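Residue numbers (the working numbering): 80 to 525.
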Amino acid sequence: MTNHINRILWKLIYLLGNLRLAIILLLFIALMSSLGTIIEQEKTISFYETNYPISSPIAGFIHSDFILFFGLDHLYTANWFLTLLFLFGGSLLSCTLSRQIPSLKLARLWKFFKSENKTNKMGITFSLYNGSLSQFSYLLRQRQYNVIQQGSYIYAYKGLVGKIGPILVHLSIICILIGSVLGSLSGFMLQELIPKEELFHLQNIISSGPLSYIPQNFEGYIRDFNIAYNDQGMVDQFYSEIDILDNDLQVKKEKTIFVNEPLRYSGVTFYQTDWSIVSLKFNLNNRENFEILLREINGESNSRFWIGSLEYEAKNKILVVLQDLTGKYLLYDSEKKLLGQSEIGHKIFFNGNHLRLNKVLPSTGLQIKSDPGIPLVYIGFFFLIFSVLLSYTSYFQIWIVKKQNKVYVYGDTNRAIYFFEKSILEIINNLQNDSLRLEVPVKPLN
Numbered sequence: 080m081t082n083h084i085n086r087i088l089w090k091l092i093y094l095l096g097n098l099r100l101a102i103i104l105l106l107f108i109a110l111m112s113s114l115g116t117i118i119e120q121e122k123t124i125s126f127y128e129t130n131y132p133i134s135s136p137i138a139g140f141i142h143s144d145f146i147l148f149f150g151l152d153h154l155y156t157a158n159w160f161l162t163l164l165f166l167f168g169g170s171l172l173s174c175t176l177s178r179q180i181p182s183l184k185l186a187r188l189w190k191f192f193k194s195e196n197k198t199n200k201m202g203i204t205f206s207l208y209n210g211s212l213s214q215f216s217y218l219l220r221q222r223q224y225n226v227i228q229q230g231s232y233i234y235a236y237k238g239l240v241g242k243i244g245p246i247l248v249h250l251s252i253i254c255i256l257i258g259s260v261l262g263s264l265s266g267f268m269l270q271e272l273i274p275k276e277e278l279f280h281l282q283n284i285i286s287s288g289p290l291s292y293i294p295q296n297f298e299g300y301i302r303d304f305n306i307a308y309n310d311q312g313m314v315d316q317f318y319s320e321i322d323i324l325d326n327d328l329q330v331k332k333e334k335t336i337f338v339n340e341p342l343r344y345s346g347v348t349f350y351q352t353d354w355s356i357v358s359l360k361f362n363l364n365n366r367e368n369f370e371i372l373l374r375e376i377n378g379e380s381n382s383r384f385w386i387g388s389l390e391y392e393a394k395n396k397i398l399v400v401l402q403d404l405t406g407k408y409l410l411y412d413s414e415k416k417l418l419g420q421s422e423i424g425h426k427i428f429f430n431g432n433h434l435r436l437n438k439v440l441p442s443t444g445l446q447i448k449s450d451p452g453i454p455l456v457y458i459g460f461f462f463l464i465f466s467v468l469l470s471y472t473s474y475f476q477i478w479i480v481k482k483q484n485k486v487y488v489y490g491d492t493n494r495a496i497y498f499f500e501k502s503i504l505e506i507i508n509n510l511q512n513d514s515l516r517l518e519v520p521v522k523p524l525n
């Protein structure tokens, strides 16, 4: 019974390890992954209904119902996509167990030829007279071959590490797949727009895996926010000074982040992505501060500005417009007539009143992500590059048979046949510069 189960299991392993199946799975995964970069991910149902209406499907069939039914709105965490990754990983593992490892074990065996009638099976065949096996053995060892001799027979090989390369390639890809699946199932992404000098928690979730956990044992504090401008007055870089606090409000970590320089804490990464202006604080006619909330307006060519209103007398209203954090602003009346312009700390007079801007309150846009699979993906890619290079190591085998006063030399390699043949000729020429006869050159075995 046990043997029968083992036979069935190995049949399944051989079937799953089929090269054609692995290629088909890989191509289909690549196709679906590219589709996921075209169709927006993790959006609302109304977004897909608006942008992919049933009345005008893309390519005749891609519309909102199709996208939602097959989970293309969250493709990388869809059950069928994870199943594809699992099958592809299983195919690689099966190929490793059923083909690559047995091939490596076979390559480690000592394989002696005790007959000179091998010319129809070997890639390279030479014969010479009066050759010395001990000299052959010495010259092969000089060239880093592993040499085993039994009487008048020699077996030598070099480059066994090239047989390990394909195994490491498969294991590296499996490691990358595991990391990708782990990130899809356990990762999360949040976006927060936090005013300066405000505390924040991890709560505005954009996407999360079914096994993800949003940590609540710490919170953040935006200590400061600044923008650097270039000579043309355009935004060059923006900086957020962030403190990470525990539940007792003790600082655990602090860092100034900017684009491409995130903060990492407890497996969570804080990226600088955006900024905005929340409000302004004014003195009107030397009275206490008035706070004006601002609304962001997006203009043409990715331009934007912020606008707010302040009532200073019965039914009288002024509009304040800012374009950046430099503190310069424009003042309009209720009929959108320009009253003047000023900057932070300076008074502006209008209609018998005066106004002074005291403070601009900015907010910083953060993208907060956690992906537990990233270390595995990085490790997998590192070993993938290393193992691919390792796979290009040529595996050479040489058999030598001596019959009476004649020596037969057979060689085989998986690549670099010209280099291999040249190296054998050099060895033979060192032994005997004459009476060399090339017998049968044929294509190498794979």
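Quick reminder that beta carbons are idealized off the backbone N, C-alpha and C, glycines included.
Quick caveat, the model's predicted, so the values are computed rather than measured.
List in chain order: all unbroken beta strand (DSSP E) runs of 3+ residues lying wholly within the region 392-460.
-> Counting only runs of 3+ residues, the beta strand (DSSP E) found wholly inside the region 392-460 occupies 395-401, 407-412, 417-422, 426-429 and 432-449, in chain order.
Helix, strand or coil: which one does DSSP assign to N199?
-> Unreliable positioning characterises N199 in this predicted model, as indicated by a pLDDT of 47, which lies under 50. A coordinate reading is not provided.
Going straight from the alpha carbon of L324 to that of R302, what length do you get?
-> A direct Cα-Cα distance of roughly 12 Å separates L324 from R302.
Y497 lies in the alpha helix (DSSP H); which residues open and close that run?
-> In the DSSP assignment, Y497 falls within the alpha helix (DSSP H) that extends over I496 to L510.
Cutoff 8 Å; reference N417; Cβ partners in own chain excluding five residues on either side = According to the sequence shown, residue 417 is Leu rather than Asn. Closer than 8 Å at the Cβ level, and outside the excluded window around L417, lie L409, L410 and Y411.
Helix or strand or just coil, what does DSSP make of P274?
-> It is a strand residue.
Give me the Cβ distance between I453 and G288, rounded to the nearest whole Å; I'm assuming they're in contact under 8 Å.
-> I453 to G288, Cβ: 13 Å. No contact.
Helix, strand or coil: which one does DSSP assign to T123?
-> Of the three classes helix, strand and coil, the one that applies to T123 here is coil, per DSSP.
Contact the region 462-478 vs the region 293-307: 3+ CB pairs below 8 Å = Contact between the region 462-478 and the region 293-307 is absent, because fewer than three Cβ pairs lie under 8 Å.
Residue burial classification, R516 (beta-carbon count within 10 angstroms, cutoff 16) | Unreliable placement is indicated for R516, whose pLDDT of 43 sits below 50; the coordinate value is still reported in the next sentence. Counting other Cβ atoms within 10 Å of its Cβ, R516 stays below 16 and is therefore classed as exposed.
Just curious, the alpha helix (DSSP H) that S43 is in, first and last residue?
-> No answer is possible for residue 43: the residues shown for the chain start at 80 and end at 525.
What is the rounded straight-line gap between the Cα of Q420 and the Cα of V399?
-> A direct Cα-to-Cα measurement between Q420 and V399 gives close to 9 Å.
Hey, out of F460, N484 and I477, whose CA is closest to L250's CA?
-> Per the C-alpha coordinates, the member of F460, N484 and I477 positioned closest to L250 is F460.
Please confirm whether S466 and G169 have their CB atoms less than 8 Å apart.
-> No, Cβ-Cβ distance for S466 and G169 is not below 8 Å.
Distance, Cα to Cα, V357 vs L110?
-> When rounded, the distance between both Cα atoms is 43 Å.
What number of angstroms, rounded off, separates the C-alpha of K396 from the C-alpha of H425?
-> Using only the alpha carbons, I get a separation of about 20 Å.
Under the rule that 16 or more other beta-carbon atoms within 10 Å means buried, what is K90, buried or exposed?
-> Exposed is the label assigned to K90, since fewer than 16 other Cβ atoms lie within 10 Å of its Cβ.
Distance CB(L269)-CB(Y300) smaller than 8 Å = Contact flag unset, no.
Three-state secondary structure (DSSP) of Y344 | Judged by DSSP in its simplified three-state form, Y344 adopts strand.
Please classify V338: is it buried, with 16 or more other beta-carbons within 10 angstroms of its beta-carbon, or exposed?
-> Residue burial annotation: V338 is exposed, with fewer than 16 other C-beta atoms found within 10 angstroms of its C-beta.
What do you reckon, are the CB atoms on G378 and L359 nearer than 8 Å?
-> No, they are not a contact pair.
In chain order, what residues of the same chain lie with their CB nearer than 7 Å to the CB of G96, ignoring the 5 residues before and after it?
-> Non-local beta-carbon contacts of G96 in its own chain, meaning distances under 7 Å to residues more than five positions away in sequence, involve S170, S173, C174, S177 and R178 in chain order.
Between the Cα of A235 and those of F148, I477 and Q311, spot the shortest distance and give me the residue it belongs to.
-> Proximity to A235 across F148, I477 and Q311 peaks at I477, based on C-alpha coordinates.
If you drop the 5 nearest sequence neighbours on each side, which residues of the same chain put their C-beta closer than 8 Å to that of L164?
-> Result list for L164: I108, L256, S259 and V260, in chain order.
Span of the beta strand (DSSP E), counted from its first residue to its last, around I323 = V314 to D325 is the span of the beta strand (DSSP E), which, as asked, contains I323.
Kindly list the residues whose CB is nearer than 7 Å to the CB of I133, restricted to its own chain and excluding five residues on each side of it in sequence; keep chain order.
-> Excluding its 5 nearest sequence neighbours in each direction, I133 has C-beta neighbours in its own chain below 7 Å: H142, S143 and D144, listed in chain order.
Hey, would you say V248 sits closer than 8 Å to L463, going by beta carbons?
-> Yes. Within cutoff.
Measuring CB to CB, does F304 end up less than 8 Å from W354?
-> Yes; because the gap between Cβ atoms is below 8 Å, this pair is in contact.
According to DSSP, is R383 helix, strand or coil?
-> Residue state, collapsed to three classes: strand.
For D152, does the count of other Cβ atoms within 10 angstroms reach 16, so buried, or fall short, so exposed?
-> Per the 10 Å Cβ criterion, buried.
In the structure shown, what three-state DSSP assignment does G299 receive?
-> Looking at G299 - three-state DSSP - the assignment turns out to be strand.
Buried or exposed (CB count within 10 angstroms, at least 16 for buried), N493 | N493 is buried by the Cβ-count criterion.
Alpha helix (DSSP H) runs wholly inside the region 219-268, at least 4 long, in chain order = Listed in chain order, the complete alpha helix (DSSP H) runs (minimum 4 residues) inside the region 219-268 are 240-265.
Give me the Cα-Cα distance between F140 and I124, rounded to the nearest whole angstrom.
-> Going by the C-alpha atoms only, they are around 18 Å apart.
Can you say whether T539 is buried or exposed, counting buried as having 16 or more other CB atoms within 10 angstroms of its CB?
-> Past the edges of the chain, shown from 80 to 525, lies residue 539, and the structure says nothing about it.
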